[in-house]
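Same order as they appear, the protein sequences are chains A and B.
Sequential numbering from 5 applies to the first sequence in the numbering used here.
Sequential numbering from 5 applies to the second sequence in the numbering used here.
Number of protein chains: 2
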Amino acid sequence: MHGHDPTPGDPAAAFAPHDHAACAEEALRRAETICDAAGARFTPVRRRVLEVLLEQHRAMGAYEVLERLAAEGFGHQPPVAYRALDFLTEHGLAHRIRRLNAFAACAHPGEAHAPVFLICESCHAVAEAPGTKVRAALDGAAGALGFSVAGATLEAYGRCPACREERP
Amino acid sequence: MHGHDPTPGDPAAAFAPHDHAACAEEALRRAETICDAAGARFTPVRRRVLEVLLEQHRAMGAYEVLERLAAEGFGHQPPVAYRALDFLTEHGLAHRIRRLNAFAACAHPGEAHAPVFLICESCHAVAEAPGTKVRAALDGAAGALGFSVAGATLEAYGRCPACREERP
DNA sequence: CGCGTAATGTGATACTATTACATTCCACGT
DNA sequence: ACGTGGAATGTAATAGTATCACATTACGCG
Chain A
5 MHGHDPTPGD
15 PAAAFAPHDH
25 AACAEEALRR
35 AETICDAAGA
45 RFTPVRRRVL
55 EVLLEQHRAM
65 GAYEVLERLA
75 AEGFGHQPPV
85 AYRALDFLTE
95 HGLAHRIRRL
105 NAFAACAHPG
115 EAHAPVFLIC
125 ESCHAVAEAP
135 GTKVRAALDG
145 AAGALGFSVA
155 GATLEAYGRC
165 PACREERP
Chain B
5 MHGHDPTPGD
15 PAAAFAPHDH
25 AACAEEALRR
35 AETICDAAGA
45 RFTPVRRRVL
55 EVLLEQHRAM
65 GAYEVLERLA
75 AEGFGHQPPV
85 AYRALDFLTE
95 HGLAHRIRRL
105 NAFAACAHPG
115 EAHAPVFLIC
125 ESCHAVAEAP
135 GTKVRAALDG
145 AAGALGFSVA
155 GATLEAYGRC
165 PACREERP
C-alpha cells in the first residue's frame with residue numbers, strides 16, 4: 005500500500021481535515037437543489053452514484069462505481085454507470101479527471117468555479133483548487149494565437165501536504 | 005467532413021501558415037541531437053513514429069500510428085506503437101493529449117517549455133501555446149493548499165483562428 | 001568474440017467507453 | 001382515473017485504449 009491507509013472519506017481529506025459526513029451531506033443537499041432548479045430528476049441511481057463518489061476524496065473509475073451499483077441491485081452494464089456519471093458531470097455535481105480516466109464528486113457544487121484538480125501521486129486524493137487565475141492565464145495565451153477557449157482540462161499531479169510531511 | 009479539408013501538414017498549420025516540410029525536418033534534426041545528448045537510441049521505429057506524427061499538426065491515436073507501422077513492416081501489436089510513443093514522450097519529442105487519448109509531435113523539442121495545448125474542435129488541429137504564466141498560476145493555486153506540483157495536464161478545447169473565420 | 005542489456009516482436013488480456021435496442025417509469029393533459 | 005409521450009433504465013454486443021508476460025533479436029562494450 006501507500007504511505008497511509010485511507011479510511012473512508014480520508015484520502016488526505018482533500019488536503020484539509022474536516023467533518024466528512026457533514027461535507028457529503030451538504031453536497032447531497034446542494035445536488036437536490038441544483039437538479040430541482042434545472043428541472044432535472046435526481047433519480048436513485050444518480051443519487052447513489054453521487055453518494056458513492058462522495059465517500060472519498062478521490063476519483064473512481066466508471067467500472068468501480070458500476071460494481072457498487074450492481075451489488076446494490078442496479079443494472080450491471082457499463083451504460084448504467086456512464087449515464088449517471090455523465091448526468092452528474094453535466095450538472096456540475098461531479099468532474100471527470102482525464103488523467104485518471106475517472107470521476108470525482110464536485111467539492112463546490114453550485115458555486116461557479118473553474119477548478120484545477122490536484123492529484124496526489126502518493127495517496128491518490130483529488131482536490132479542487134480555485135482556478136480563476138489559471139484560467140485567465142490560459143485565455144491570455146490562447147487569445148494571443150487567436151484561439152477562443154470553450155473549455156479546459158487543468159490537472160496537476162504531485163504530492164499533497166499530508167504525504168509530503170510523511171516522507172518529505 | 006469538417007470546415008476545410010486538411011492537406012498533409014495542414015490542420016490549421018497549428019494556427020499559422022508555415023513551410024511544413026522544413027518544420028518537420030527541423031524537428032527530426034533536433035530529435036537526433038536530443039537523443040544523442042541523452043545517450044538514447046533514435047531507432048528506426050522511434051524515428052518513423054516521430055515522422056508520422058510530424059506529418060500533421062494534430063494528435064494521432066496509438067492504433068492509428070500502429071497501422072502505419074504495420075503497413076511498413078514493423079510489428080503489428082500495440083506495444084510496438086506504445087513503446088515508441090512512450091519513448092518520444094519521455095524525451096520531450098512528443099506529447100500526450102489526454103483529452104483525445106492521443107499523441108502529437110512536440111512543436112519545440114529541446115526548448116524547455118511548459119506547453120498548454122489548444123485543441124480545435126472543428127479541424128482537430130493541436131497547437132502548443134507558451135504556458136509559463138499558466139503554469140505559474142497553477143503553482144500558486146496549488147502552493148496555497150500545500151500541494152507541490154510535479155507535472156500538469158493543461159489542455160484547452162475551442163476554435164482555432166482559421167475555423168473561427170470560416171464560420172464565425 | 002562473447003557477454004549483458006536494451007530494444008523489438010508477438011499473443012493474450014485488462015481496462016475504458018459507446019452503440020443499439022427493449023422495457024419501465026413518470027409527468028402531464030384529458 | 002387513464003392514456004400518452006418522452007425520459008430514464010436495463011441489457012447485449014462491440015469498439016477503442018492500454019498493459020502484461022515472455023521469446024527473440026540487435027547492439028555496445030570489455
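From the three backbone atoms N, C-alpha and C, an ideal C-beta is built for every residue, glycine too.
Predicted, not measured: the structure shown is a model, and the values here were computed from it.
Give me the Cα-Cα distance between A154 of chain A and F19 of chain B, rounded to the nearest whole angstrom. Position 150 of the first sequence, counting from 1, holds the residue named residue 154 of chain A. Position 15 of the second sequence, counting from 1, holds the residue named residue 19 of chain B. Taking the straight line joining both Cα atoms gives about 17 Å.
Rounded to the nearest angstrom, what separates A109 of chain B and A98 of chain B at their Cα positions? The sequence position of residue 109 of chain B within the second sequence is 105, counting from 1. The sequence position of residue 98 of chain B within the second sequence is 94, counting from 1. Going from the Cα of A109 of chain B to the Cα of A98 of chain B covers about 4 Å.
Name the residues in the region 147 to 170 of chain A whose C-beta lies less than 8 Å from a C-beta of chain B; which are they? A148, L149, G150, F151, S152, V153, A154, G155, A156, T157, L158, E159, A160, Y161, G162, R163, C164, P165, R168
Alpha-carbon spacing of L70 of chain A relative to L58 of chain B, whole angstroms: Counting from one through the first sequence, the residue named residue 70 of chain A turns up at place 66. Counting from one through the second sequence, the residue named residue 58 of chain B turns up at place 54. Looking at the two C-alpha atoms, the distance is approximately 40 Å.
Sequence-distant residues of its chain with Cβ nearer than 8 Å to D9 of chain A (five each side left out): Along the first sequence, read from residue 1 onward, the residue named residue 9 of chain A stands at position 5. Only weak support exists for where D9 of chain A lies, its pLDDT of 44 falling under 50; the value from the coordinates is given anyway. Close CB contacts of D9 of chain A within its chain, under the 8 Å cut and outside five residues either way in sequence, are absent.
So, is the C-beta of A98 of chain A closer than 8 Å to a C-beta in chain B? As a working mapping, residue 98 of chain A is identified with position 94 in the first sequence. Chain B, which has no Cβ nearer than 8 Å to the Cβ of A98 of chain A, makes this no.
So what's F46 of chain A in DSSP terms, helix, strand or just coil? Taking the first sequence and counting its residues from 1, one reaches residue 46 of chain A at position 42. F46 of chain A: coil per DSSP, three-state reduction.
Would you please verify whether the beta carbon of L142 of chain B is less than 8 Å from any beta carbon of chain A? Taking the first residue of the second sequence as 1, we reach residue 142 of chain B at position 138. At least one chain A Cβ lies under 8 Å of L142 of chain B.
Restricting to Cα atoms, I'd like to know which of B:A28, B:E159, B:F46 is closest to R139 of chain B. For the purposes of this step, residue 139 of chain B is taken as the residue at position 135 of the second sequence. Taking only the C-alpha atoms, the option nearest R139 of chain B is B:E159.
Residues near H80 of chain B in its chain [Cβ-Cβ closer than 6 Å; skip 5 each side]: Within the second sequence, numbered from 1, the residue matching residue 80 of chain B stands at position 76. Same-chain partners within the cutoff: A74.
Residues within the region 96 to 127 of chain A neighbouring chain B, beta-carbon criterion of under 8 Å: R102, R103, V120, L122, C124, E125
Span of the beta strand (DSSP E) around A133 of chain B: Reading the second sequence from its first residue, position 129 is the one you call residue 133 of chain B. Start and end: 130 to 133.
Please classify G96 of chain A: does DSSP put it in a helix, a strand, or coil? On the first sequence, residue 96 of chain A is found 92 positions in, with the first residue counted as 1. Here G96 of chain A sits in coil by DSSP.
Residue range of the unbroken alpha helix (DSSP H) whose run includes A66 of chain B: Residue mapping note: residue 66 of chain B aligns to position 62 of the second sequence, counting from 1. First-last of the alpha helix (DSSP H) with A66 of chain B: 66 to 75.
Hey, which unbroken runs of the beta strand (DSSP E) at 3 residues or more fall wholly within the region 140 to 164 of chain A? The DSSP assignment places complete beta strand (DSSP E) segments of no fewer than 3 residues inside the region 140 to 164 of chain A at 152 to 163, in order along the chain.
Give the range of the beta strand (DSSP E) segment to which F19 of chain A is assigned. Numbered from its first residue, the first sequence carries residue 19 of chain A at position 15. Taken as a continuous stretch (DSSP letters only), F19 of chain A belongs to no beta strand (DSSP E), as it is neither H nor E.
Compare the Cα-Cα distances from Y86 of chain A to each of A:G162, A:E68, A:E76 and report the closest residue. For the purposes of this step, residue 86 of chain A is identified with residue 82 of the first sequence, where counting begins at 1. Closest option to Y86 of chain A, Cα to Cα, is A:E68.
Straight-line Cα distance separating G135 of chain A from G96 of chain A: Walking along the first sequence from the start, residue 96 of chain A turns up at place 92. Walking along the first sequence from the start, residue 135 of chain A turns up at place 131. Using only the alpha carbons, I get a separation of about 15 Å.
With a CB to CB cut of under 6 Å and the five nearest residues on each side skipped, what residues in its chain are close to A111 of chain B? Along the second sequence, one-based indexing puts residue 111 of chain B at 107. Contacts found: E132.
Residue from B:M64, B:N105, B:T47, B:F121 whose Cα sits closest to the Cα of F91 of chain B: Counting from 1 along the second sequence, the entry for residue 91 of chain B is found at position 87. Comparing Cα-Cα distances from F91 of chain B to each of B:M64, B:N105, B:T47, B:F121, the minimum goes to B:T47.
Tell me which same chain residues have a C-beta within less than 7 Å of the C-beta of R33 of chain B, skipping the five on either side of it? Taking the second sequence and counting its residues from 1, one reaches residue 33 of chain B at position 29. Cβ neighbours of R33 of chain B beyond the five flanking positions: none.
Please report how far the alpha carbon of L149 of chain B lies from the alpha carbon of L104 of chain B, in whole angstroms. Numbered from 1 along the second sequence, position 145 holds the residue referred to as residue 149 of chain B. Numbered from 1 along the second sequence, position 100 holds the residue referred to as residue 104 of chain B. Distance between the alpha carbons of L149 of chain B and L104 of chain B is about 29 Å.
Can you round the beta-carbon distance between G65 of chain B and A106 of chain B to whole angstroms, since I take them to be within the 8 Å contact cut? On the second sequence, residue 65 of chain B is found 61 positions in, with the first residue counted as 1. On the second sequence, residue 106 of chain B is found 102 positions in, with the first residue counted as 1. Contact holds; Cβ gap of about 5 Å.
Cβ neighbour criterion (16 or more within 10 Å) applied to A116 of chain B: In the second sequence, the residue the question calls residue 116 of chain B occupies position 112. Exposed.
Are the beta-carbon atoms belonging to E36 of chain B and R52 of chain B less than 8 Å from one another? Indexing the second sequence from 1 puts residue 36 of chain B at position 32. Indexing the second sequence from 1 puts residue 52 of chain B at position 48. Their beta carbons are not under 8 Å apart, which means E36 of chain B does not touch R52 of chain B by this criterion.
Measuring only between beta-carbons, confirm whether P82 of chain A sits less than 8 Å from chain B. For the purposes of this step, residue 82 of chain A is taken as the residue at position 78 of the first sequence. Not an interface residue.
Quick one: Cα of H6 of chain B to Cα of P82 of chain A, how far? Sequence index remark: in the second sequence, residue 6 of chain B carries index 2 (1-based). Sequence index remark: in the first sequence, residue 82 of chain A carries index 78 (1-based). With a pLDDT of only 42 at H6 of chain B, under 50, the local geometry of the prediction cannot be trusted, and no value is derived from it.
For R100 of chain B versus T93 of chain B, is the C-beta distance shorter than 8 Å? Stepping through the second sequence from its first residue, residue 100 of chain B is reached at position 96. Stepping through the second sequence from its first residue, residue 93 of chain B is reached at position 89. Closer than 8 Å, so yes.
Length of the line joining the Cα atoms of A88 of chain B and F78 of chain B: Residue mapping note: residue 88 of chain B aligns to position 84 of the second sequence, counting from 1. Residue mapping note: residue 78 of chain B aligns to position 74 of the second sequence, counting from 1. For A88 of chain B and F78 of chain B, the distance between alpha carbons rounds to 12 Å.
Among A:R50, A:G43, A:E125, A:A146, nearest to P165 of chain A - alpha-carbon criterion: Residue numbering aside, residue 165 of chain A sits at position 161 when the first sequence is read from its first letter. Of the listed residues, the one whose Cα sits closest to P165 of chain A is A:E125.
Quick check: is any heavy atom of the ligand SAM less than 7 Å from the C-beta of A44 of chain B? Inclusion of the ligand SAM in the displayed structure is not the case, the ligand content being empty and no account of it being possible.
Name, in chain order, the residues that DSSP records as bridge partners for I2 of chain B. Residue 2 of chain B lies beyond the range of chain B shown here (5 to 172); nothing can be said about it.
Kindly give me the distance between the Cβ atoms of V130 of chain B and H61 of chain B, rounded to whole angstroms, as I take these residues to be in contact under 8 Å. Your numbering for residue 130 of chain B matches position 126 in the second sequence. Your numbering for residue 61 of chain B matches position 57 in the second sequence. That pair is a contact at about 6 Å.
Mind checking if V130 of chain B is an interface residue toward chain A, Cβ cutoff 8 Å exclusive? One-based indexing of the second sequence puts residue 130 of chain B at position 126. Judged by the 8 Å Cβ criterion, V130 of chain B is not in contact with chain A.
Quick one, are the C-beta atoms of I38 of chain B and P113 of chain B less than 8 Å apart? Residue 38 of chain B sits at position 34 when you count from the first residue of the second sequence. Residue 113 of chain B sits at position 109 when you count from the first residue of the second sequence. A contact, by the Cβ cut-off of 8 Å.
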